[in-house]
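Residue numbering for the sequence shown follows the working numbering, starting at 129 and increasing by one per position.
Glycine included, every Cβ here is placed at the ideal spot set by N, Cα and C.
Fair warning: this is a prediction, and the values are worked out from it, not measured in the lab.
Single-structure report; data block below.
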Amino acid sequence: MTMSRFSLLAVLLGTSALTHAADKLVLQTTWVAQAEQGGYYQAVATGIYKKYGLDVEVRSGGPQLNNMTLLLANRADVIVSYDLQVLQGIERNFPLKAIAAPFQFDPQGIVTHGDVKSLDQLKGKTVLVSASGQASWWPWLKSKYQLQDGQARPYTFNMQPFLADKNTAQQAYATSEVQQIKEVQPDSKFYLFADYGYPAYGGILVTRDDLLQKEPDVMKRFVAASMEGWKSYLANPTAGNTLIKKENPQMTDAILAFGVSQMKALHLIDGGDAAKQGLGVMTEQRWQATRDFMVNAGLLKAATDWQRAFTTQFTPSATQ
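Put into structure tokens, the structure is as follows:
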């Protein structure tokens with residue numbers, strides 16, 4: 129009887145330990161499940177997060193969702209965001225901080241018809257720009273290539289206006305819209321802004337200051353596991369893609385395969401500083417370049433304490 133009670137107690141204690149072993153986190157992404165979030169879904173599907181003692185719920189976003197609001201309202205623990213938005217948040221004294229940059233380069237660029245041989249030839253063209261683009265890359269492009277505000281027209285995530293007008297260029301993500309347009313118009317050209325000096329990172333991981341202070345070990349494990357997830361996804365995305373398609377039934381194998389191929393070809397994840405220093409690395413030099421561009425474009429006040437926007441304590445050592 130004593131042994132029976134002891135065994136039962138051991139089982140209960142073991143169960144309790146297992147129950148409390150995994151730290152729960154909610155990761156809120158910017159868009160529906162797709163290849164651009166593949167590393168996180170891979171880390172869930174393959175048990176990488178579990179290996180690091182984490183129970184991570186990946187929640188997909190959408191056009192009407194403001195994930196920074198969810199972060200500040202404690203409805204998410206980590207979000208995928210962008211350095212421009214984080215810097216603007218710091219300007220407004222939001223208690224948040226970037227903790228890793230999985231995408232060393234923003235996949236954002238522009239698609240043109242075949243007659244455009246360089247970005248200099250955008251002069252006189254209609255350029256389809258989304259509302260978010262107006263507050264991010266458009267001021268950079270306009271300034272660098274002496275374009276005019278009058279050239280910009282709203283981009284509504286519909287390719288038909290571009291396809292119907294040879295005098296039009298359209299914003300596009302290297303990992304998505306490019307393929308859709310190429311299928312219809314093979315001679316179209318894509319220009320990745322990062323190749324021409326656009327300094328911003330792509331999707332970065334952002335959390336609140338209070339979580340950094342209370343749970344630094346959890347955040348350290350989360351960053352390490354997420355980067356391992358990205359490495360695994362680029363090596364063999366099958367597990368992550370299966371989960372992505374479960375979350376987003378409209379996603380196809382062809383679109384996912386194209387997204388992964390573009391991430392590899394353009395070295396969006398493993399290029400730049402990450403090639404030498406490791407996945408997720410952020411540097412003060414890059415953040416300052418983005419800060420300087422934003423100040424010059426009137427997107428950020430010069431007095432903003434931009435160094436509050438990020439921490440490198442969870443990523444590989446940055447030497448630049």
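Original post:
From the DSSP output, which residues share a beta bridge with Leu155?
Top reply: The count along the sequence shown starts at 1 and reaches residue 155 at position 27. When beta bridges are read from the DSSP output, Leu155 appears opposite Val186, Val206.
Original post:
Where Ala431 and Tyr324 are concerned, what is the direct C-alpha to C-alpha distance, given to the nearest angstrom?
Top reply: The residue you call residue 431 lines up with position 303 of the sequence shown. The residue you call residue 324 lines up with position 196 of the sequence shown. For Ala431 and Tyr324, the distance between alpha carbons rounds to 27 Å.
Original post:
In three-state terms, what does DSSP make of Leu224?
Top reply: Position 96 of the sequence shown holds residue 224. In the structure shown, Leu224 sits in a strand (DSSP, three-state: E or B).
Original post:
Buried or exposed: where does Asn195 fall if 16 or more other Cβ atoms within 10 Å of its Cβ makes it buried?
Top reply: Translated into positions along the sequence shown, residue 195 becomes position 67. So Asn195 counts as buried.
**OP:** Can you say whether Lys342 is buried or exposed, counting buried as having 16 or more other CB atoms within 10 angstroms of its CB?
**Re:** One-based indexing of the sequence shown puts residue 342 at position 214. With fewer than 16 Cβ atoms within 10 Å of its Cβ, Lys342 is classed as exposed.
Original post:
For Arg178, which residues from the same chain have a beta carbon less than 8 Å from its beta carbon, with the 5 sequence-adjacent residues on both sides left out?
Top reply: Position 50 of the sequence shown, counted from the first residue, corresponds to residue 178. First, the residue type needs correcting, since residue 178 is Lys and not Arg in the sequence shown. Around Lys178: Ala150.
Original post:
Gly400 and Gln236 look like a contact to me (Cβ under 8 Å); what is the Cβ gap, rounded to whole Å?
Top reply: Mapped onto the sequence shown, residue 400 falls at position 272. Mapped onto the sequence shown, residue 236 falls at position 108. Actually they do not touch by this definition, with Cβ atoms about 15 Å apart.
Subject >> Coil, strand or helix - Gly237 by DSSP >> reply: Counted from its first residue, the sequence shown places residue 237 at position 109. Correct three-state label for Gly237: strand.
Subject >> Beta-carbon spacing of Arg349, Leu182 below 8 Å >> reply: Looking up residue 349 in the sequence shown gives position 221. Looking up residue 182 in the sequence shown gives position 54. Contact flag set, yes.
Original post:
According to the Cβ coordinates, are Gln449 and Leu199 closer than 8 Å?
Top reply: Since the first residue shown for the chain is 129 and the last is 448, residue 449 is missing from the structure and cannot be characterised.
**OP:** Classify Gly278 as buried or exposed, calling it buried when 16 or more other Cβ atoms lie within 10 Å of its own Cβ.
**Re:** Position 150 of the sequence shown, counted from the start, is the residue given in the question as residue 278. Classification of Gly278: exposed, given that the 10 Å Cβ count is below 16.
**OP:** In angstroms with no decimal places, state the Cα-to-Cα distance between Thr366 and Ala161.
**Re:** For this step, residue 366 is matched to residue 238 along the sequence shown. For this step, residue 161 is matched to residue 33 along the sequence shown. Looking at the two C-alpha atoms, the distance is approximately 14 Å.
**OP:** Go to Ile372, then tell me how far its alpha helix (DSSP H) extends in each direction, as first and last residue.
**Re:** The count along the sequence shown starts at 1 and reaches residue 372 at position 244. Ile372 -> alpha helix (DSSP H) spans 366–375.
Original post:
Which residue spans inside the region 397–431 form an unbroken alpha helix (DSSP H) run of at least 4?
Top reply: 402–405, 412–424
**OP:** State the start and end residues of the unbroken alpha helix (DSSP H) segment that holds Tyr169.
**Re:** Translated into the one-based positions of the sequence shown, residue 169 becomes position 41. It spans 166–173 - the alpha helix (DSSP H) in which Tyr169 sits, taken as one unbroken run.
Original post:
Can Phe321 and Val239 be called in contact, C-beta distance under 8 Å?
Top reply: Taking the first residue of the sequence shown as 1, we reach residue 321 at position 193. Taking the first residue of the sequence shown as 1, we reach residue 239 at position 111. No.
**OP:** Rank Pro267, Asp381, Ile332 by C-alpha distance to the C-alpha of Val423 and give the top, closest one.
**Re:** For this step, residue 423 is matched to residue 295 along the sequence shown. It is Pro267 whose Cα lies nearest to the Cα of Val423.
**OP:** With a threshold of 16 other CB atoms inside 10 Å of the CB of Arg203, please say whether the residue is buried or exposed.
**Re:** As a position in the sequence shown, residue 203 is number 75, starting the count at 1. Per the 10 Å Cβ criterion, exposed.
Original post:
If we ignore side chains and look at the alpha-carbon of each, how far apart do Gly357 and Gly252 end up?
Top reply: In the sequence shown, the residue the question calls residue 357 occupies position 229. In the sequence shown, the residue the question calls residue 252 occupies position 124. So the alpha carbons of these two residues sit roughly 44 Å apart.
Original post:
So Val244 is in the beta strand (DSSP E); what residue range does that whole segment cover?
Top reply: By 1-based counting over the sequence shown, the position of residue 244 is 116. It is not in any beta strand (DSSP E) - Val244 carries neither H nor E in the DSSP assignment.
**OP:** Could you tell me the boundaries of the beta strand (DSSP E) in which Ala280 lies?
**Re:** Locating residue 280 in the sequence shown gives position 152, where the first residue counts as 1. Looking at the DSSP string, the run of the beta strand (DSSP E) that includes Ala280 is 280–282.
Original post:
Which same chain residues, not among the five before or five after Thr174, have their C-beta less than 7 Å away from its C-beta?
Top reply: As a working mapping, residue 174 is identified with position 46 in the sequence shown. For Thr174, where only same-chain residues beyond five positions count, the Cβ hits under 7 Å are Ser360, Ala367.
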